[in-house]
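The opening position of the sequence shown corresponds to residue 782 in the numbering used here, with each subsequent residue numbered one higher.
Here a beta-carbon is modelled for each residue, glycine too, at the ideal position from N, C-alpha and C.
Bear in mind the structure is a predicted one, so any value in this text is a computation, not a measurement.
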Amino acid sequence: MLDPDTADLTLLQDRQVAVLGFDALAAAHALNLRDSGVDVRVGTSPDSRGAARAEMEGLTVVTPEEAVEHCDIVLVPVQPGQHDEEDLAEVQRLLDEHTQPGDLVVVTTGEPVRTGVLTVAEGVDLAMLRAVGDGDRVREEYLDGRGCPALVAVARDGSGAAWATLTAYAAAMGALRSGAIVTTLAHEARAARYAEAHVYRPLWASVEAAFDTLVASGVEEEVAYLAVVHELKTRVDQVHAAGLATQYGPEGRPGEGPGAGATSRRAAQRSAHPIEHVGRRVRAMMSWIR
């Protein structure tokens, strides 16, 4: 975890941050940083809807070229698994032409770096801050005086000050109010990639197969939908808010396993899989589900 006491916001006083784009995630970064006293420029097409929204918020809007050219910290906001390689190719050109040693590039997921789609020149620092929450959540928590926790990492530290600057950036985002977990870009990218392949895709395939099987057996489509989609969301919401042991009930988990035979939910929690214990630590950082 980053230590909030080591955050020195004065490190950002003489620096300018370029936020590329103005979707919900980019907007959260730009507005939170601005409200923390950081000089921010939004780099987007002046004719875009994002530019109009940013100007309504009182932010300075320039072209992406001007933003990267005049700023020494550049945020590249990319959602895991949702980056457009053509857009990133243009970002790469801007970084190649306008960043210099001592500058810091911040990404919001490690995947483009892992695949080599996004690189930085010698002497340019490269770091990651991935907020645990979407852009709207990041902004709402900041405005409520709390903050979304984040995953943070430094991939290249040519200046020797990348960690100190990233810590200040995380504090300005509000992340240190809840906690910033130190990881690596490779670990974040690997976890996201593995979960996509082994959890999300198989789960959705199972949902579709169950729906088809139920309907083929004569169950009404609406009833099948409620059973395999609506009920799934209900259970996932319970797990997200209180952990896997919420599914066990007072008799512990059904079937065989270390939790079988537990006489209470608390007993089931104690004997549960390690993910349950990690989940309690992580949920404690999320003020909106405490």
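Asked: Thr880, DSSP secondary structure in three states; Found: coil
Asked: Continuous beta strand (DSSP E) stretch holding Ala908: start and end; Found: Asp906 to Ala912
Asked: Endpoints, alpha helix (DSSP H) assigned at Thr1015; Found: Glu1012 to Ala1023
Asked: Local conformation of Ala848 per DSSP, three classes; Found: helix
Asked: contact_flag[the region 921 to 928, the region 953 to 968] where n(CB pairs < 8 Å) is 3 or more; Found: yes
Asked: Residue from Pro983, Ala942, Thr965 and Ser1052 whose Cα sits closest to the Cα of Leu788; Found: With the sequence shown as reference, residue 788 is identified as Ala, and Leu is not the correct amino acid for it. The shortest Cα separation from Ala788 among Pro983, Ala942, Thr965 and Ser1052 belongs to Ala942.
Asked: Nearest candidate by alpha-carbon position, reference Arg937, set Glu903, Val913, Arg822 and Cys929; Found: Glu903
Asked: According to DSSP, residues forming a beta bridge with Leu801; Found: Gly824
Asked: DSSP beta-bridge partners of Gly1056; Found: The residue asked about is misnamed: residue 1056 is Ile in this sequence, not Gly. BP columns for Ile1056 are empty, so no partner.
Asked: Bridge partner(s) assigned by DSSP for Ile1070; Found: Answer is none; Ile1070 lacks a bridge partner.
Asked: Stretch-stretch touch, CB-based, cutoff 8 Å, three pairs: the region 898 to 912 with the region 870 to 877; Found: yes
Asked: Through-space distance from Thr890 to Arg1062, alpha-carbon basis; Found: 22 Å
Asked: DSSP-derived helix/strand/coil call for Ala811; Found: helix
Asked: Rounded C-alpha distance that separates Ala978 from Thr791; Found: 42 Å
Asked: Presumed contact (8 Å Cβ cut-off) between Pro827 and Val842, rounded CB distance; Found: 6 Å
Asked: Start and end residues, alpha helix (DSSP H) containing Ala936; Found: Where Ala936 is concerned, there is no enclosing alpha helix (DSSP H), although the beta strand (DSSP E) it sits in stretches over Ala931 to Arg937.
Asked: Residue from Gly939, Gly914 and Ile1070 with nearest C-alpha to Cys929; Found: Gly914
Asked: Integer-rounded CB distance, given that Val886 should sit under 8 Å from Asp868; Found: That belief does not hold up - the Cβ atoms of Asp868 and Val886 are roughly 15 Å apart, past 8 Å.
Asked: For Thr948, the first and last residue of its enclosing alpha helix (DSSP H); Found: Ala943 to Met954
Asked: Distance CB(Arg927)-CB(Ser1052) smaller than 7 Å; Found: no
Asked: Bridge partners - Val1097, DSSP secondary structure assignment; Found: Only positions 782 to 1071 of the chain appear in the structure, and residue 1097 is not among them; the question remains open.
Asked: Candidates Ala809, Met782 and Phe803, of which the one nearest Gly916 by Cα; Found: Ala809
Asked: Between the CA atoms of Thr825 and Ala972 - distance to the nearest angstrom; Found: 31 Å
Asked: Thr841 - partner residues in DSSP beta bridges; Found: Arg822
Asked: Val963 - DSSP class collapsed to helix/strand/coil; Found: strand
Asked: Straight-line Cα distance separating His1011 from His879; Found: 49 Å
Asked: C-beta contact flag for Glu969 and Leu910 at 7 Å; Found: no
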